[in-house]
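Below is one structure, written out as structure tokens; the observations come after it.
There are 2 protein chains.
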Amino acid sequence: MLVSVGLAAAFAPSRTASFANGNHMMRSATRMSTVESIDTSAAADDVLEDLLAGCGGPEGSMRRKMAEGLRKKQLAITDLVSAADGEMFQEDAWTRPKGGGGITRVLPGGNVWEKAGVALSVVTGTMPYQTFMTANPAAAKRAAENGLTNSENGEIEYFATGLSCVMHPRNPMAPTMHFNYRYFETDLDGIWWFGGGSDLTPSYLFEEDVQAFHGAYKSVCDKYDPEFYPRFKKWADEYFYIKHRGETRGLGGIFFDDLNDREPDELYNFAMDCLTEIGPAYVPIVVKHKDDEFTTKQKEWQQMRRGRYVEFNLVYDRGTIFGLKAGGRIESILMSLPETARWEYNHKVEEGSAEADILDAFKNPRDWLGVLESA
Amino acid sequence: MLVSVGLAAAFAPSRTASFANGNHMMRSATRMSTVESIDTSAAADDVLEDLLAGCGGPEGSMRRKMAEGLRKKQLAITDLVSAADGEMFQEDAWTRPKGGGGITRVLPGGNVWEKAGVALSVVTGTMPYQTFMTANPAAAKRAAENGLTNSENGEIEYFATGLSCVMHPRNPMAPTMHFNYRYFETDLDGIWWFGGGSDLTPSYLFEEDVQAFHGAYKSVCDKYDPEFYPRFKKWADEYFYIKHRGETRGLGGIFFDDLNDREPDELYNFAMDCLTEIGPAYVPIVVKHKDDEFTTKQKEWQQMRRGRYVEFNLVYDRGTIFGLKAGGRIESILMSLPETARWEYNHKVEEGSAEADILDAFKNPRDWLGVLESA
């Protein structure tokens, strides 16, 4: 499994990397391997053009095609969310001297969403072979089997582009949503892959919403492979698992990584279709619940679930951890954290309550569509 | 450096450990290596007696002496805080079948403190030699140099007792405080050590408070060794460092680990004196500020600093990470998290503001007492 990009930024070429924008000054790290980043005020589309020229590959290459496709989807989803919220996204574009950068769109303090962010990144660099093996053991194994590397001490050149998103609504009846789609390429012949997923994290369970969300992604999956939905649904349940709590972070969706078992164009189309679906699959659920009545206790439960979100992202999310330790653009990496969160000592849910119901679903992932084989 | 105990619990003998109380039933983990813990309703002092009988060593041993000393200090500090707050601590005692347990005292939702917790743990177990080397490389090196182990694949038997504490006050002008004192012993001859520290995490800087806190600990240190304060002050600044932010968590205090360069009794006395000092050094600062006026913006700044506290504890605190991954009593480990926290995208402090002032001190640790040698 690989980085939840936004974080591709994290694959900085060196531990003392410093970031700068394309046409302003550069500040260096204050101490140790900390990184200070600077946002550019340059127009985002100029930045994207620079990024593509610098590391996007030739016309018609998958590098360029994917980055351009992700940028279009970034605009589409933020337009939809902005229309539903009534507030605009702010946009920060950034580049770094050694290759690549990104465009981050954030809606902080909206009417409907307390925090919504969609981050595009387009990055090139090198990484030690050891890091590659940790990041994607399966791909590293493929490379070794094909005799593509003799030295485990060498450096791998890579290109990564990804679009990652987290949206936290205000109303506790409206779910948080996360997605992430990415394309990764190395300089080893044939060693490339797609990864991604979309998942839903409600604080209260409205079964019809969860079924609709899963149903929408099953339809997208089925267009490509009837095995995709069952496989990727289970993968999401396994990946978004908070081990120390014995709970999943939310109610899942789909998650996949290291996908390269068919033509790149087909996988590109699959990723694009998944991204097209996120608007219709998610926004109506939030619109439906944005004005639901709720109590202080229900708000507190949402805040505690936000606390779990923080725990997952800081303790388990590979991309976040790698990004934080290796030095990426912190504000783009931690954009995923909620505006507010809560921890109560030894909190117990009341038996038979709505909180107990959804907690059971976090502890025992359900087959929302009744289509998985029983074990 | 070693575990911030409470977490000694985390040194569970196996990854599928399950916890139980002394005289009730045991529930096993739901799946993977998750642990469900059960609090006992048994009287805490009975539990302590059981713990000491089970793993505390004979009368007069340092194991027993330290555990008993820490328990007395737990009662003393919680009494003091309770008197200042007006609310009582609740107490949970727990044991685990394979040896050890603890007594956790928490004041959730007090008048002055939003969350205050003091956790005692007394644990025995075995750990792989590799874990020992990671936990305390210096001690592992000492052991190897003394020919105490020939096999790097063997298991080390250990005993650990510690008292850890975090207190988060409501008023943003009143500082958070953390301390942790612990004693660790292995079955390798002469391989034991003391560790600990007390540190202050304010959201707003009142220089006289910080000087008083550091001054109190300098006095305790000076009783034992004039080198202690300069050395342990710097160690705290290095340890409580949030690398990805380029900031310390708070304004420090003292921190030390792997201390075994003098008689155990002297180090025990030092730890006890540090614990005696925490009441007079901390509680008056909170009492002084508990009714200070503050604005919504100031409360939000406090909440953002709480967010940094969460980041440190979940990303860097070795004890927390080890505890979460290995499976300890989650509620005792995460007792350290604040009740509420906040993350704002790309937040910037205003130049010349009080927030900018303390942020500067987080980025460039200061010599509060003017006693450190300049580099």
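Sequences listed follow chains C and U, in order. Numbering follows my numbering, with no gaps: position 119 of the first sequence is 119. Position in the second sequence counted from 1, then plus 375, gives you my numbering. Heads up, the beta-carbon is just placed ideally off N, CA and C, and yes, glycines get one too.
Within 8 Å, strictly: CB atoms of residue i and residue j
i        : j        : result
U/ARG717 : U/ARG693 : no
U/PHE645 : U/GLY627 : no
C/ASP383 : C/GLU157 : Nothing in the structure corresponds to residue 383 of chain C, since chain C is present only between 1 and 375.
C/SER332 : C/GLY102 : yes
U/PRO544 : U/THR536 : no
C/GLY279 : C/PHE232 : no
C/ARG245 : U/ILE452 : no
U/LYS448 : U/LEU650 : yes
U/PHE464 : U/ASN546 : no
U/THR623 : U/PRO740 : yes
U/PRO523 : U/TRP568 : Before going on, a small fix: residue 523 of chain U reads as Leu here, not Pro. Contact flag unset, no.
C/ASP199 : C/PHE255 : yes
U/THR753 : U/GLN678 : Chain U is shown only over 376 to 750; residue 753 of chain U falls outside these bounds and no answer can be derived.
U/VAL751 : U/ALA459 : Residue 751 of chain U is absent from the model: chain U starts at 376 and stops at 750.
U/GLU652 : U/TYR579 : no
C/ALA119 : C/SER164 : yes
U/TYR643 : U/GLY484 : no
U/GLY474 : U/GLY500 : yes
U/PRO713 : U/VAL690 : no
C/ALA67  : C/LEU80  : no
C/LEU369 : C/GLY215 : yes
C/ARG63  : C/GLY54  : no
U/MET548 : U/ASP667 : yes
C/ARG308 : C/ILE242 : yes
Short CB-CB distance (under 8 Å) between residue i and chain U
i        : result
C/ARG387 : Residue 387 of chain C lies beyond the range of chain C shown here (1 to 375); nothing can be said about it.
C/GLU351 : no
C/MET335 : yes
C/GLN302 : no
C/ALA361 : no
Test: residue i CB closer than 8 Å to a CB of chain C
i        : result
U/PRO483 : yes
U/ARG637 : no
U/ARG606 : no
U/ARG693 : no
U/GLU686 : yes
U/ARG402 : Because U/ARG402 sits at a pLDDT of 26, beneath the cut-off of 50, its placement in the model cannot be relied upon, and the point is left open.
Residues sharing a beta bridge with residue i, DSSP
i        : result
C/ALA119 : C/THR104, C/SER164
U/ILE531 : U/MET502
U/GLU560 : U/PHE534, U/TRP567
C/GLY253 : C/ASP199
U/ARG471 : DSSP lists no partner for U/ARG471.
C/THR340 : U/ARG717
Residue i: contacting residues in chain C (beta-carbon distance under 9 Å)
i        : result
U/GLU335 : Residue 335 of chain U lies beyond the range of chain U shown here (376 to 750); nothing can be said about it.
Chain-ordered neighbours of residue i on chain U, where CB pairs are closer than 8 Å
i        : result
C/GLU114 : Within chain U, no residue comes near C/GLU114; the closest Cβ sits about 10 Å away, beyond 8 Å.
C/GLY197 : Neighbours of C/GLY197 on chain U: none; closest Cβ ~20 Å, over 8 Å.
Under 7 Å from the C-beta of residue i: neighbouring residues of chain U
i        : result
C/LEU324 : HIS619, VAL690
Neighbour list for residue i in chain C, Cβ cutoff strictly below 8 Å
i        : result
U/ILE705 : HIS244, ARG245
U/GLY492 : TYR345
Near the ligand FMN: residue i beta-carbon under 7 Å from a heavy atom
i        : result
C/ASN136 : By its list of ligands, the structure shown contains no ligand whatsoever, and the ligand FMN lies outside what it can speak to.
Select from the segment 72 to 101 of chain C all residues with a C-beta closer than 8 Å to any C-beta belonging to chain U, and list them in chain order.
ASP92
Name, going along the chain, the residues of the segment 608 to 640 of chain U whose beta-carbon falls closer than 8 Å to a beta-carbon of chain C.
TYR616, LYS618, HIS619, ARG620, GLY621
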